[in-house]
Amino acid sequence: MTSGPLHNSYFRDFLITNQNTDGGWGYHPASASSVEATAWALTALISSRHSPPLSDVCARARDWLLRVQRADGSWPALPGHPQGCWATSIVSRALYLQGGAQKAVESGLRWLINAWPSEGNFWWRLRQSIFPSRVALQDSSLRGWNWTPGTASWVEPTAHALIFLRSLPAPMLSPQAAKRRQLAERMLFDRMCPGGGWNSGNPLVYGVAGVPRIGPTAWALMALRDFSERAEVQMSLQWLEAAYGEIHGAASLALANLSLAAYGRRVFRLAPALDEMYSHNRFFANVLTIAWVVLALNEEMSGVAPTAEEAATR
Amino acid sequence: MSYAQPSLMPSFTRPESRVAIVRSASYDRGLATLLFDALREFDLPVNGKKVLLKPNFVEPDPEGIINTHPAVVAAVRDAFLRRGAASVRVAEGPGHERDTESIVETIRLRDYLGPLQDIFVDLNLDEVHAVDLRTRASRLKRLYFPRTVLEADYIVSLPKLKTHHWAGVTLSLKNMFGIVPGCCYGWPKNVLHWAGITGSILDINSTVRPDFAIVDGVIGMEGNGPIQGTPKASGVLILGNDPVAVDATCARVMGLAPERIDYLAKAGVLLGHIKPEKIRQLGESIASVKTPFAVLPAFQKLIAADGKKVP
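In order, the protein sequence lines correspond to chains A and B. So the first sequence is numbered by numbering that gives the first Met the number 0: it starts at 0 and just counts up by one. So the second sequence is numbered by numbering that gives the first Met the number 0: it starts at 0 and just counts up by one.
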């Protein structure tokens with residue numbers, strides 16, 4: 000492995016080489032195309048500013064995603080699955096960034112705005128009033144998005160939905176969308192672990208503080224970029240910076256870099272750490288990990304994110 | 000896809016189960032020999048077979064408290080290879096952490112097993128197939144399962160001996176939640192909670208029942224498990240050819256009554272044995288290794304009559 004631009008192109012070429020003939024990507028090379036893996040691979044390739052542009056690769060990915068969109072506007076986790084899921088946010092954003100799929104994006108957005116998690120509905124409130132939970136104490140009136148229909152809000156799918164909504168121009172957002180966005184942002188703040196950072200969504204269990212994790216913290220921070228002055232965000236950034244040195248997975252490292260860079264915080268050059276990690280397990284040939292690595296490397300190369308040296312002089 | 004479905008039979012027609020308790024005070028190098036010797040007590044039809052080990056890897060845990068210890072995983076893998084297995088892969092789909100690589104690296108699995116690319120499978124991201132569940136204890140009816148699990152000839156559940164703040168205890172049956180793929184259901188696999196934990200445990204195990212179970216109780220976890228509890232040195236490995244009987248034995252070692260643990264009591268009807276007279280105990284006796292585990296107030300009712308009450 001080498002550092003710098005070639006490093007980036009290595010992973011980008013991995014994605015290009017491993018696109019399935021149907022236009023999608025599986026979670027691993029030669030596995031059946033999955034919606035989420037395809038959306039992230041497409042997002043990574045769009046961000047790569049390849050010359051000449053990867054028009055054909057991206058168009059085939061877009062066409063596959065359009066083919067597997069459900070009639071209700073949502074996307075399932077895998078083609079043929081009976082219901083839409085969290086991947087709808089990720090695909091809608093990828094298609095919006097790619098362009099040429101306005102109607103599909105709008106129908107994805109409509110589904111998302113009308114997709115409510117199950118906590119806080121009438122039956123749930125009735126049950127809670129009779130058998131109140133003493134396990135996880137949190138404000139369940141603050142609802143975001145779930146992984147799959149019929150379940151509760153969690154941090155990561157909520158963050159993905161907010162990141163998508165945040166990427167859209169104001170005219171595309173209905174008043175209802177704006178309300179849901181506001182409610183979901185409040186939910187994320189409510190679910191922050193004491194001391195900063197997020198886990199999957201249980202900040203307190205039996206009164207014991209939950210342990211934050213890199214991935215959910217990175218996603219939540221990226222979703223809450225408009226609140227950079229809030230104490231919770233600053234505290235969570237500090238937690239992420241403190242935890243950075245203990246990261247042992249490439250996916251977590253890439254997400255931490257993307258998140259810290261989004262706030263103009265000091266990040267370290269990725270290539271040396273990635274070289275080391277890649278030599279261990281070759282990232283298990285995980286397409287999702289490699290897509291996030293490409294995004295983080297692109298962000299680093301774009302100059303938006305400061306290098307360690309640059310950040311130190313700021 | 001076809002796969003070997005487990006046998007569901009009423010407990011009165013099911014043959015006696017065999018469970019062995021082996022003392023091991025630490026995770027040192029003697030573990031492989033210890034386990035190999037213990038497995039000689041069992042008729043393991045693994046010669047030339049594809050064996051799948053399903054440990055309990057939950058979160059990055061440098062202290063080695065939460066997850067099945069990698070020394071146990073390595074020792075079991077070694078033992079099954081020596082027994083003639085054609086391949087022994089390690090597979091897990093963590094419930095909360097998407098970055099599975101960060102878990103296996105934090106617990107130093109590579110140090111124990113060597114390069115992991117061809118040994119370890121992230122079940123959260125494996126290819127999946129829809130399977131109709133064989134029982135209707137929950138409202139799930141059908142689940143997607145990973146191809147690696149469905150294609151395995153012999154499945155070994157390798158959990159940690161822990162309490163659990165929703166289910167009471169998490170052992171070899173609850174450990175099978177980890178075969179439900181995150182790529183279909185998310186992180187956590189919240190659909191299982193909404194469908195009912197007890198029912199989901201039963202439905203999953205009635206459909207993909209482990210053939211064998213080995214519980215890492217060298218250091219377990221008591222109190223607010225499965226993540227935020229306290230380490231509990233129990234110094235045992237508990238193994239057997241009936242995961243229900245193994246879990247029942249574990250519960251007794253923990254000072255808990257298996258018939259009071261909802262999912263275990265129900266599993267004792269169709270999936271295996273929980274009655275002591277139906278379990279042939281090998282190795283150490285339960286009484287000699289009993290180590291009462293502290294449980295949360297909500298689970299005080301699980302404490303066996305002769306168990307030591309812990310506030």
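Every residue, glycine too, gets a C-beta built ideally from N, C-alpha and C. This one's a predicted model, so the numbers in the text were calculated from it and none came from an experiment.
Beta-carbon separation of residue i and residue j under 8 Å?
{"i": "B/Leu-139", "j": "B/Asp-202", "result": "yes"}
{"i": "B/Leu-270", "j": "B/Val-21", "result": "no"}
{"i": "B/Val-288", "j": "B/Val-252", "result": "yes"}
{"i": "A/Ser-91", "j": "A/Phe-163", "result": "yes"}
{"i": "B/Gly-177", "j": "B/Lys-53", "result": "yes"}
{"i": "A/Gly-196", "j": "A/Trp-146", "result": "no"}
{"i": "B/Arg-135", "j": "B/Leu-112", "result": "no"}
{"i": "A/Ala-160", "j": "A/Trp-218", "result": "no"}
{"i": "A/Leu-99", "j": "A/Arg-61", "result": "Checking the sequence shown, residue 99 of chain A turns out to be Gly, not Leu. Yes, these two residues count as a Cβ contact at 8 Å."}
{"i": "B/Leu-108", "j": "B/Ala-70", "result": "no"}
{"i": "A/Leu-280", "j": "B/Gln-116", "result": "Leu is not the amino acid found at residue 280 of chain A; the sequence shown has Asn there. Taking 8 Å as the Cβ cut-off, A/Asn-280 and B/Gln-116 qualify as a contacting pair."}
{"i": "A/Trp-144", "j": "A/Pro-116", "result": "yes"}
{"i": "B/Thr-206", "j": "B/Lys-265", "result": "no"}
{"i": "B/Leu-295", "j": "B/Gly-222", "result": "yes"}
{"i": "A/Ile-112", "j": "A/Gln-68", "result": "no"}
{"i": "A/Leu-236", "j": "A/Leu-220", "result": "yes"}
Can you say whether residue i is buried or exposed, counting buried as having 16 or more other CB atoms within 10 angstroms of its CB?
{"i": "A/Leu-273", "result": "buried"}
{"i": "B/Val-309", "result": "Because the pLDDT of B/Val-309 is 38, which lies under 50, any placement of that residue in the model is unreliable, and the question is left without a value."}
{"i": "B/Ala-293", "result": "buried"}
{"i": "A/Leu-125", "result": "exposed"}
{"i": "A/Met-276", "result": "buried"}
{"i": "A/Thr-216", "result": "buried"}
{"i": "A/Met-186", "result": "buried"}
{"i": "B/Ile-213", "result": "buried"}
{"i": "B/Val-179", "result": "buried"}
{"i": "A/Ser-33", "result": "buried"}
{"i": "A/Ala-295", "result": "buried"}
{"i": "B/Leu-301", "result": "buried"}
{"i": "A/Asp-225", "result": "exposed"}
{"i": "A/Lys-178", "result": "exposed"}
{"i": "A/Phe-283", "result": "buried"}
{"i": "B/Asp-42", "result": "exposed"}
{"i": "A/Ile-129", "result": "exposed"}
{"i": "A/Thr-1", "result": "Caution applies to A/Thr-1, whose pLDDT of 48 falls short of 50 and renders its modelled position unreliable; the value that the coordinates give is listed next. It counts as exposed."}
{"i": "A/Thr-20", "result": "exposed"}
What distance in whole Å lies between the Cβ atoms of residue j and residue i, which are believed to be in contact at a cut-off of 8 Å?
{"i": "A/Val-232", "j": "A/Gly-25", "result": "Wrong, their Cβ atoms sit about 35 Å apart, outside the cutoff."}
{"i": "B/Arg-146", "j": "B/Glu-126", "result": "4 Å"}
{"i": "B/Asn-55", "j": "B/Asn-66", "result": "6 Å"}
{"i": "B/Gly-216", "j": "B/Leu-160", "result": "4 Å"}
{"i": "B/Thr-248", "j": "B/Val-18", "result": "5 Å"}
{"i": "B/Cys-183", "j": "B/Leu-124", "result": "Contact doesn't hold; Cβ gap of about 10 Å is too wide."}
{"i": "B/Ala-303", "j": "B/Gly-267", "result": "Contact doesn't hold; Cβ gap of about 15 Å is too wide."}
{"i": "A/Glu-155", "j": "B/Trp-186", "result": "7 Å"}
{"i": "B/His-163", "j": "B/Gly-63", "result": "Contact doesn't hold; Cβ gap of about 19 Å is too wide."}
Between which two residues does the alpha helix (DSSP H) holding residue i run?
{"i": "A/Ser-251", "result": "249 to 261"}
{"i": "A/Met-171", "result": "Element bounds for A/Met-171: n/a, residue is neither H nor E."}
{"i": "A/Met-221", "result": "213 to 222"}
{"i": "B/Phe-79", "result": "69 to 81"}
{"i": "B/Ile-285", "result": "285 to 288"}
{"i": "A/Ser-278", "result": "269 to 280"}
{"i": "B/Ala-129", "result": "First-last for B/Ala-129: 127 to 131, but that is the beta strand (DSSP E), not the alpha helix (DSSP H)."}
{"i": "B/Gly-181", "result": "181 to 184"}
What is the residue span of the beta strand (DSSP E) that residue i lies within?
{"i": "A/Lys-102", "result": "Taken as a continuous stretch (DSSP letters only), A/Lys-102 belongs to no beta strand (DSSP E), being part of the alpha helix (DSSP H) at 101 to 113."}
{"i": "B/Gly-282", "result": "278 to 282"}
{"i": "B/Tyr-313", "result": "This structure cannot speak to residue 313 of chain B, because chain B is shown only from 0 to 310."}
{"i": "B/Pro-230", "result": "229 to 239"}
{"i": "B/Met-220", "result": "211 to 221"}
{"i": "B/Asp-121", "result": "119 to 121"}
{"i": "B/Arg-208", "result": "First-last for B/Arg-208: undefined, no H or E at that position."}
{"i": "B/Val-87", "result": "86 to 91"}
{"i": "A/Tyr-243", "result": "From DSSP, A/Tyr-243 is part of no beta strand (DSSP E); its letter is neither H nor E."}
Give a single yes or no on whether residue i has its beta carbon closer than 7 Å to a heavy atom of the ligand SAH.
{"i": "A/Ala-249", "result": "As far as ligands go, the structure on display features none, and thus does not contain the ligand SAH."}
Checking contacts by CB at 8 Å: is residue i closer than that to chain C?
{"i": "B/Pro-59", "result": "Here chain C cannot be found, since the structure's protein chains are A and B."}
Which residues, in order along the region 174 to 199 of chain B, keep a beta-carbon less than 7 Å from a beta-carbon of chain A? Residues of the region 174 to 199 of chain B that bring their beta carbon within less than 7 Å of a beta carbon in chain A comprise Cys-182, Cys-183, Tyr-184, Gly-185, Trp-186, Pro-187, Asn-189, Val-190 and Trp-193, in sequence order.
Quick one, which residues of the region 208 to 219 of chain A are near chain B if we go by CB-CB under 9 Å, in chain order? For the region 208 to 219 of chain A, which is checked against every Cβ of chain B, the residues closer than 9 Å are Ala-208, Gly-209, Val-210, Arg-212, Ile-213, Gly-214 and Pro-215.
Give, in chain order, every residue of the region 259 to 293 of chain A whose Cβ lies closer than 9 Å to some Cβ of chain B. Met-276, His-279, Asn-280, Arg-281, Phe-282, Phe-283, Ala-284, Asn-285, Val-286, Leu-287 and Thr-288
Residues of the region 75 to 90 of chain A with Cβ closer than 8 Å to any Cβ of chain B, in chain order: Residues Ala-76, Leu-77, His-80, Cys-84 and Trp-85.
For the region 99 to 117 of chain B, enumerate the residues whose C-beta is nearer than 7 Å to any C-beta of chain A, in chain order. Under the 7 Å Cβ criterion, the region 99 to 117 of chain B contributes Glu-100, Ser-101, Glu-104, Thr-105, Arg-109, Leu-115 and Gln-116.
The region 239 to 251 of chain B: positions lying closer than 9 Å to chain A by Cβ: Hits within the stretch: zero.
According to a CB-to-CB cut-off of less than 8 Å, which residues of the region 148 to 159 of chain A neighbour chain B? If the cut-off is 8 Å between Cβ atoms, the region 148 to 159 of chain A has Gly-149, Thr-150, Ala-151, Trp-153, Glu-155 and Pro-156 near chain B.
Members of the region 8 to 35 of chain A near chain B, C-beta cut-off 8 Å: Gly-25, Tyr-26, His-27, Ser-30, Ala-31, Ser-33 and Glu-35
Chain-ordered residues of the region 64 to 96 of chain B with a beta carbon less than 8 Å from chain A: Sequence-ordered contacts of the region 64 to 96 of chain B with chain A read His-95 and Glu-96 [C-beta pairs closer than 8 Å].
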